[in-house]
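Student: The structure is given below, and queries will be raised subsequently.
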Amino acid sequence: MREGAKGGWVYIMADRYRGTIYVGVTADIVARVDHHKRGIGSDFCARYGLGRLVWMEFGEDIRACIEQEKRLKRWRRAWKFDLIERDNPLWRDISETAV
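Mind the numbering: the sequence shown is residues 5 to 103 in my numbering, read in order.
Listed below in structure tokens is the structure:
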């Protein structure tokens, strides 16, 4: 890890199975997901009721996580669905069990 760099999380929130999704990045996944669930994490998540954490990935360097988030946001929707379904085929909320 580079001097001064801290780890982070790239994650995907959803409202339901194969529904609306949001790709984000954070240094504190627990707090960020809690904010989304309470409707204060982002205007987009609040507007569409995205309170289900369906995918996340830890990275040792937050800057690399930011780059990964940017890449995922450019992906086709089907590719994001495939990424989610590799580990979470039923799109369950993993916020209680994964962190």
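We put the beta carbon where it would ideally sit given N, CA and C, even for glycine.
Remember, it's a predicted structure, so these values are computed and weren't measured experimentally.
With distance defined between alpha-carbon atoms, name the residue in I70, R36, E61 nearest to C49.
Tutor: For the purposes of this step, residue 49 is identified with residue 45 of the sequence shown, where counting begins at 1. Looking at the Cα atoms, R36 is the closest of the given residues.
Student: Relative to the C-alpha of W13, which residue among G45, H39, E73, Y21 is closest?
Tutor: On the sequence shown, residue 13 is found 9 positions in, with the first residue counted as 1. Here the closest residue by C-alpha is E73.
Student: Would you kindly report the start and end of the unbroken beta strand (DSSP E) that includes S61?
Tutor: Here residue 61 corresponds to residue number 57 of the sequence shown, with the count starting at 1. The sequence as given places Glu at residue 61; Ser does not occur at that position. Annotation: the continuous beta strand (DSSP E) that includes E61 extends over 56–63.
Student: Would you decide whether R56 is buried or exposed? Buried here means 16 or more other CB atoms lie within 10 Å of its CB.
Tutor: Within the sequence shown, numbered from 1, the residue matching residue 56 stands at position 52. Buried, because 16 or more other Cβ atoms sit within 10 Å of the Cβ of R56.
Student: Looking at W59 and L94, is the spacing between their C-beta atoms short of 8 Å?
Tutor: Here residue 94 corresponds to residue number 90 of the sequence shown, with the count starting at 1. Here residue 59 corresponds to residue number 55 of the sequence shown, with the count starting at 1. Their beta carbons are not under 8 Å apart, which means L94 does not touch W59 by this criterion.
Student: Could you spell out the range, first to last residue, of the beta strand (DSSP E) harbouring Y21?
Tutor: Numbered from 1 along the sequence shown, position 17 holds the residue referred to as residue 21. No beta strand (DSSP E) contains Y21, which DSSP labels as neither H nor E.
Student: Since I66 and G11 should fall inside the 8 Å C-beta cutoff, what is the C-beta to C-beta distance between them, to a whole number of angstroms?
Tutor: Your numbering for residue 66 matches position 62 in the sequence shown. Your numbering for residue 11 matches position 7 in the sequence shown. Going by Cβ atoms, the distance from I66 to G11 rounds to 6 Å, so yes, they are a contact pair.
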